[in-house]
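Have a look at the structure below before the remarks.
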Amino acid sequence: MLDPWWKMTAAAQAEAVRRADVSAVELVESHLARIAEVNPQVNAVTQLLAERARAAAAHTDRLRAEGAQLGPLAGVPFTVKETTAVEGVPTTFGSERFRELVAPADAPPVARLRAAGAIPIGHANVPTLILAGMHTRSELFGDTVNPWDRSRTPGGTSGGDAVAVATGMAALGLGNDSGGSVRIPAQFCGVAGLKPSTGRFPADHRVLGPDDPGPASQMLVTDGPLARSVGDLRLAYEVLAGTDPRDPRAVPVPLYGEPLPGPVKVAVVADPGGQGVHPAVRAAVEAAAGALRDAGYDVREVADVPRLAEALEAYGRITVTEFAPSWPVVRTLLGPGGDRYIAMAMEQTPPASAEELVKLMGRWLGIRRSWAEFLDEYPLLLGPVFTEPPVEPGLESRDGAGRDRVAAGMRLCSATSFVGVPAVAVPTGVAGGLPCGVQIIGRAFREDLCLDAAQAVEDRLGVLTPVDPRG
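Following this line, the structure appears as structure tokens:
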């Protein structure tokens, strides 16, 4: 008996639609049935767009019947994080305040996925305003459950999309990442995720009205896809990259760079900063390193990544300084207890003065230069996504010790977001019933090198999902 359509990769689904092996309507209905079966157990899909998805699928089928050439993601259902605009649908950010904030147009990445034939099937849950913590719990929609273990968080802030993809409710998820928000849910849920270089994908992260966010938010936040396979990530990458007049930051860099001479050198750092790493995470890094050696990469352990402590300190000071003026109003929008995570950060890291901020911005460039020099010698870096297996929900908001533990766990994600380089999170296996994974970091605008290496890991260590929710 053939597997149901929702179990197949996005590439296989699109090819089946193009070849008329399945109609786009049937493909969408397969996913809607899976959502009806699974979502009540995991609470990942928030606003289901069933009728819209059916109408879009019927339009795809009409185009195929007319002989039109369908796109690379024809008929493929995808979820969209509650922070990202889908035309005619509220962009709630998980907040009661924004329940009726109907988007007048698709955000650039949603528009690009639609243009490639993909079909948005629903919004996916986030921590309230993406500020309430790492765990995906929102004031408006409640908690999202890790399908591997209900006592563990699915991560965040793109946790709803990761769970939807991991359980087969969507073939792709569209999240965003400013310090691990795509990569951490990918590791915790056993899927793959891409954080692109700053400027690779066009985006529009305005919330209300025409005003753009400040420079830190503009530089740190990147939209990125989640998928069950690296091949599907590559498909999404090729669709999402490019320029758009709505985003002058996006640059017309080629999708694929020049081949590198000889075996590609990979630096391995299992414990960035020497702050400790769980044995299961270290084993995942070692397994991925072995897979890359087997694939012909020149894999070398190195002492550490560049200027990690400086990067984390500057990241915190710059973001807190930018955020501090709006915090008295923002904290009132986070719901009961939703302000604890940011409040602890504000207490721990005071805003910078104008003079200090100017110096911090200079240091930011210097840290980026140090990373560029490091990656000039080692085009790829292999390390952990989060230095522990999935933790309990809400650990980061419980107390100062919990917040510090989570901040330490995501330290390599935070630093690489600060530097603006690309990274692919890829699963490596299961330990203690929970998924394990690593991230492969590359030179700016060399997502292709990261994807190639992640594919080599996946080819040797396998794919973990889709999964059925477990107790």
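Be aware that the sequence shown starts at 1, since it is given in the UniProt record's numbering, and climbs by one per residue.
Virtual Cβ for every residue (Gly too), placed ideally from N, Cα, C.
Predicted model only: the values in this text are computed from it and were never measured.
Rounded separation between leucine 461 and valine 277 - CA only
On the sequence shown, residue 461 is found 461 positions in, with the first residue counted as 1. On the sequence shown, residue 277 is found 277 positions in, with the first residue counted as 1. For leucine 461 and valine 277, the distance between alpha carbons rounds to 21 Å.
Given a threshold of 16 other Cβ atoms within 10 Å of its Cβ, counted over all protein chains shown, does proline 384 qualify as buried or as exposed?
For the purposes of this step, residue 384 is identified with residue 384 of the sequence shown, where counting begins at 1. When all chains shown are included, proline 384 counts as buried.
Between the CA atoms of serine 151 and proline 202 - distance to the nearest angstrom
If you number the sequence shown from 1, residue 202 lands on position 202. If you number the sequence shown from 1, residue 151 lands on position 151. Roughly 36 Å separates the two Cα atoms.
If I measure Cβ to Cβ from glutamate 373 and keep anything under 8 Å in the same chain, skipping five residues before and after, which residues do I get?
Taking the sequence shown and counting its residues from 1, one reaches residue 373 at position 373. Cβ neighbours of glutamate 373 beyond the five flanking positions: Pro306.
Roughly how far, in whole angstroms, is the beta-carbon of valine 406 from the beta-carbon of methionine 134, given that I think they are within contact range, below 8 Å?
Residue mapping note: residue 406 aligns to position 406 of the sequence shown, counting from 1. Residue mapping note: residue 134 aligns to position 134 of the sequence shown, counting from 1. That pair is a contact at about 6 Å.
By how many angstroms is the C-alpha of methionine 8 removed from the C-alpha of alanine 16?
By one-based count along the sequence shown, residue 16 stands at place 16. By one-based count along the sequence shown, residue 8 stands at place 8. Alanine 16 and methionine 8: Cα-Cα distance of roughly 10 Å.
The beta strand (DSSP E) enclosing valine 163, as first and last residue numbers:
The count along the sequence shown starts at 1 and reaches residue 163 at position 163. Segment 159-166 is the alpha helix (DSSP H) holding valine 163; no beta strand (DSSP E) there.
Between the Cα of arginine 34 and those of Ile121, Cys436, Ala111, spot the shortest distance and give me the residue it belongs to.
Translated into the one-based positions of the sequence shown, residue 34 becomes position 34. Comparing Cα-Cα distances from arginine 34 to each of Ile121, Cys436, Ala111, the minimum goes to Ile121.
Reducing DSSP to helix, strand and coil, say where proline 350 ends up.
By 1-based counting over the sequence shown, the position of residue 350 is 350. Coil at proline 350, not helix or strand.
Give the C-beta separation of glutamine 218 and alanine 408 to the nearest angstrom, bearing in mind that I take them to be a contact with Cβ-Cβ under 8 Å.
The residue given as residue 218 occupies position 218 in the sequence shown. The residue given as residue 408 occupies position 408 in the sequence shown. In fact, because the Cβ distance is near 27 Å, the residues do not count as touching under 8 Å.
Quick one: using the 10 Å Cβ neighbour count with 16 as the cut-off for buried, is tyrosine 237 buried or exposed?
Within the sequence shown, numbered from 1, the residue matching residue 237 stands at position 237. Taking all protein chains in view, the Cβ of tyrosine 237 is crowded by 16 or more other Cβ atoms within 10 Å, so the residue is classified as buried.
What are the uninterrupted segments assigned as alpha helix (DSSP H) that are 4 or more residues long and contained completely in the segment 19-96, given in chain order?
24-42, 50-65
State the Cα-Cα distance for the pair glutamine 348 and arginine 363, rounded to the nearest angstrom.
By one-based count along the sequence shown, residue 348 stands at place 348. By one-based count along the sequence shown, residue 363 stands at place 363. The alpha-carbon atoms of glutamine 348 and arginine 363 are separated by roughly 20 Å.
Over what stretch of residues does the alpha helix (DSSP H) that includes aspartate 294 continue unbroken?
Counting from one through the sequence shown, the residue named residue 294 turns up at place 294. Residues 279-294.
Quick one: Cα of alanine 164 to Cα of glycine 175, how far?
Taking the sequence shown and counting its residues from 1, one reaches residue 164 at position 164. Taking the sequence shown and counting its residues from 1, one reaches residue 175 at position 175. The alpha-carbon atoms of alanine 164 and glycine 175 are separated by roughly 11 Å.
Got a sec? Which residues, its chain only, sit under 6 Å from glutamate 66 by beta carbon, not counting five neighbours each side?
Position 66 of the sequence shown holds residue 66. No residues qualify anywhere along the chain.
Roughly how far, in whole angstroms, is the beta-carbon of serine 181 from the beta-carbon of threonine 144, given that I think they are within contact range, below 8 Å?
What you label residue 181 is simply residue 181 of the sequence shown in a count that begins at 1. What you label residue 144 is simply residue 144 of the sequence shown in a count that begins at 1. About 13 Å separates the two Cβ atoms, so there is no contact after all.
Measure the CB-CB distance between valine 457 and alanine 288 and report whether it falls below 7 Å.
If you number the sequence shown from 1, residue 457 lands on position 457. If you number the sequence shown from 1, residue 288 lands on position 288. Result yes, Cβ atoms of valine 457 and alanine 288 sit closer than 7 Å.
Thinking just about the alpha-carbon of each residue, which of Thr128, Pro263, Ala431 is nearest to the one in aspartate 452?
Translated into the one-based positions of the sequence shown, residue 452 becomes position 452. The shortest C-alpha separation from aspartate 452 is found at Pro263.
Please state the DSSP three-state secondary structure of glycine 366.
As a position in the sequence shown, residue 366 is number 366, starting the count at 1. Of the three classes helix, strand and coil, the one that applies to glycine 366 here is helix, per DSSP.
Between arginine 282 and glycine 273, what straight-line distance do the alpha-carbon atoms span, to the nearest angstrom?
Taking the first residue of the sequence shown as position 1, residue 282 is located at position 282. Taking the first residue of the sequence shown as position 1, residue 273 is located at position 273. Going from the Cα of arginine 282 to the Cα of glycine 273 covers about 14 Å.
Within the same chain, show all residues whose beta-carbon is closer than 7 Å to that of tyrosine 315, passing over the 5 residues directly before and after it, in chain order.
As a position in the sequence shown, residue 315 is number 315, starting the count at 1. For tyrosine 315, where only same-chain residues beyond five positions count, the Cβ hits under 7 Å are Ser414, Phe418.
In the structure shown, what three-state DSSP assignment does proline 336 receive?
Within the sequence shown, residue 336 is the residue found at index 336, counting from 1. Proline 336 falls in the coil class under three-state DSSP.
With respect to the alpha helix (DSSP H) encompassing glutamine 439, which residues constitute its N-terminal and C-terminal limits?
Translated into the one-based positions of the sequence shown, residue 439 becomes position 439. Glutamine 439: not part of any alpha helix (DSSP H); member of the beta strand (DSSP E) spanning 434-442, first to last residue.
Can you list, in chain order, the residues of its chain with a C-beta nearer than 6 Å to that of glycine 394? Leave out the 5 residues immediately preceding and following it.
In the sequence shown, counting from the first residue as 1, residue 394 sits at position 394. Around glycine 394: His135.
Does the Cβ of histidine 31 have 16 or more other Cβ atoms within 10 Å, making it buried, or fewer, making it exposed?
For the purposes of this step, residue 31 is identified with residue 31 of the sequence shown, where counting begins at 1. Buried.
Taking all protein chains shown into account, do 16 or more other C-beta atoms lie within 10 angstroms of the C-beta of aspartate 149, making it buried, or fewer, making it exposed?
Locating residue 149 in the sequence shown gives position 149, where the first residue counts as 1. Its Cβ being crowded by 16 or more others within 10 Å, aspartate 149 is buried.
Under the three-state reduction of DSSP, which class applies to glycine 383: helix, strand or coil?
As a first step, residue 383 must be located in the sequence shown, where it is residue number 383. The answer is strand: DSSP assigns glycine 383 an E or B state.
Identify every run of the alpha helix (DSSP H) within the segment 101-179, keeping only runs that are complete inside it and at least 4 residues long; order them along the chain.
108-115, 159-166
Drop a sphere of 10 angstroms on the beta-carbon of valine 268, count the other beta-carbons inside from all chains shown, and report buried for 16 or more, exposed for fewer.
Reading the sequence shown from its first residue, position 268 is the one you call residue 268. Its Cβ being crowded by 16 or more others within 10 Å, valine 268 is buried.
Please list the segments of the beta strand (DSSP E) lying wholly inside the segment 220-244, counting only runs of 3 or more residues, in order along the chain.
Counting whole runs of 3 or more residues, the segment 220-244 contains the beta strand (DSSP E) stretches 222-227.
If you follow the alpha helix (DSSP H) that leucine 461 is part of, which residue opens it and which one closes it?
Walking along the sequence shown from the start, residue 461 turns up at place 461. Start and end: 447-461.
DSSP three-state call for arginine 200: helix, strand or coil?
Taking the first residue of the sequence shown as 1, we reach residue 200 at position 200. Three-state DSSP puts arginine 200 in coil, outside helix and strand.
Roughly how many angstroms lie between the CA atoms of glycine 420 and valine 86, to the nearest whole one?
As a first step, residue 420 is located in the sequence shown; it is residue number 420 there, counting from the start. As a first step, residue 86 is located in the sequence shown; it is residue number 86 there, counting from the start. Going from the Cα of glycine 420 to the Cα of valine 86 covers about 26 Å.
Between alanine 250 and glycine 242, how many whole angstroms is the CB-CB distance? I'm expecting something under 8 Å.
For the purposes of this step, residue 250 is taken as residue 250 along the sequence shown, with counting starting at 1. For the purposes of this step, residue 242 is taken as residue 242 along the sequence shown, with counting starting at 1. Yes, alanine 250 and glycine 242 are in contact; Cβ-Cβ is about 7 Å, under 8 Å.
Spatial neighbours of alanine 20 in its chain, beta-carbon cut-off 7 Å, leaving aside the 5 residues before and after
Taking the sequence shown and counting its residues from 1, one reaches residue 20 at position 20. Cβ within range, chain order: Arg64.
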